[in-house]
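Worksheet for the structure shown next.
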Amino acid sequence: MNAPDPTTKRKRGNTRRRLLDAAYEAYAVNGFGHTTVEKVVDQAGFTRGAFYSNFDSLEELFLEMWAERSATIIAEIRAALDRLIADDVRDLSEVIRGISDALPLDEKWWGVTAEVTAHALRTPGLREVVARREERVSETLIPLAVELLARTGRRIPDPESFSKALIAVFDGTAPQALLNPDDSKVLERRRILFEHVALAYSVPEDGTADQE
Numbered sequence: 123m124n125a126p127d128p129t130t131k132r133k134r135g136n137t138r139r140r141l142l143d144a145a146y147e148a149y150a151v152n153g154f155g156h157t158t159v160e161k162v163v164d165q166a167g168f169t170r171g172a173f174y175s176n177f178d179s180l181e182e183l184f185l186e187m188w189a190e191r192s193a194t195i196i197a198e199i200r201a202a203l204d205r206l207i208a209d210d211v212r213d214l215s216e217v218i219r220g221i222s223d224a225l226p227l228d229e230k231w232w233g234v235t236a237e238v239t240a241h242a243l244r245t246p247g248l249r250e251v252v253a254r255r256e257e258r259v260s261e262t263l264i265p266l267a268v269e270l271l272a273r274t275g276r277r278i279p280d281p282e283s284f285s286k287a288l289i290a291v292f293d294g295t296a297p298q299a300l301l302n303p304d305d306s307k308v309l310e311r312r313r314i315l316f317e318h319v320a321l322a323y324s325v326p327e328d329g330t331a332d333q334e
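The working numbering numbers the first residue of the sequence shown as 123 and each following residue consecutively.
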């Protein structure tokens, strides 16, 4: 049996890459319930044949796109928090600002995520995929947030609850921030809320009580 032609493999890889990128744009523009194979291939500049030579279904394409984008965002969060650790930031407000800034505010991704989450509530299989993504975000946040808060002299007794609280604050404030991108007060209130959560879920390392 002859080995696959490297040029053919490269072209197939490029086609698959363009379809994944096109899927992201199509879902962001058209919404989860209105994206079709035709809209994806039109966005990519391909035919249906190119689509079905790479993916068996629109669902397969979506799940691969979702997993890939999620992994990229998680890697970006990790890199941003790693930079805070490398910079040896020890001021609580600076640490919280760094954590809140590390959680991405991307209009396209937020739109896709919001729609997919709503759809997942009615689709058991997709519900598991979305829930697993949140778990991976928590798994990324927990050890880094614990280390960052420790550098400010604070300990997190329940890291898992702290991580979920941070994600809840992010989910609750993201629409306000995206709808008011030029309003610095919105972003500042968001940062203050993150700091309140950090204080509520942590205690001084030396065992002293926080002052009211």
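Beta carbons: idealized from backbone N, C-alpha and C, even for Gly.
Extent of the continuous alpha helix (DSSP H) run through residue i
i, result
"Asp204", "180-208"
"Arg212", "Neither: Arg212 is in no alpha helix (DSSP H) and is coded neither H nor E."
"Tyr174", "170-174"
"Phe292", "281-301"
"Phe316", "306-322"
"Glu160", "159-166"
Distance CB(residue i)-CB(residue j) smaller than 8 Å
i, j, result
"Glu269", "Ile207", "yes"
"Ser285", "Ile314", "no"
"Val234", "Ala242", "no"
"Leu288", "Val319", "yes"
"Phe316", "Ser215", "no"
"Val217", "Leu271", "yes"
"Ala189", "Trp232", "no"
"Gln298", "Val308", "yes"
"Ala144", "Ala166", "yes"
"Arg255", "Ser192", "yes"
Best match in the options for proximity to residue i [C-alpha to C-alpha]
i, options, result
"Ser283", "Ser260, Ala144, Leu214", "Ser260"
"Leu185", "Leu309, Leu142, Trp231, Asp304", "Leu142"
"Arg273", "Leu203, Tyr174, Ala144", "Leu203"
"Arg276", "Leu227, Asn302, Glu327", "Glu327"
"Arg109", "Ser306, Asp280, His156, Ala197", "Since the displayed the chain opens at 123 and closes at 334, residue 109 lies outside it and no answer follows."
"Asp164", "Tyr146, Pro279, Trp231", "Tyr146"
"Leu236", "Arg212, Tyr149, Val325", "One point to set straight first is that residue 236 is Ala, not Leu, in the sequence displayed. Per the Cα distances, Tyr149."
"Ala224", "Pro281, Arg205, Glu190", "Arg205"
"Asp178", "Pro279, Trp188, Val159", "Val159"
"Pro281", "Ala267, Arg138, Met187", "Ala267"
"Ile195", "Arg311, Leu227, Pro246", "Leu227"
"Gly135", "Ser175, Ala240, Thr262", "Ser175"
"Val151", "Arg219, Asn302, Arg170, Glu229", "Glu229"
"Gly171", "Glu181, Thr245, Arg138", "Arg138"
Distance between beta carbons of residue j and residue i, contact taken as under 8 Å
i, j, result
"Ser324", "Ile278", "5 Å"
"Leu183", "Val162", "7 Å"
Any C-beta of chain D under 8 Å from that of residue i
i, result
"Ile195", "Protein chain content of the structure displayed is limited to a single chain, and chain D is not contained in it."
Pick out the complete alpha helix (DSSP H) segments inside the segment 220-265, 4 residues or longer, and give them in chain order.
Entirely contained in the segment 220-265, the alpha helix (DSSP H) runs reaching 4 residues are, in chain order, 229-242.
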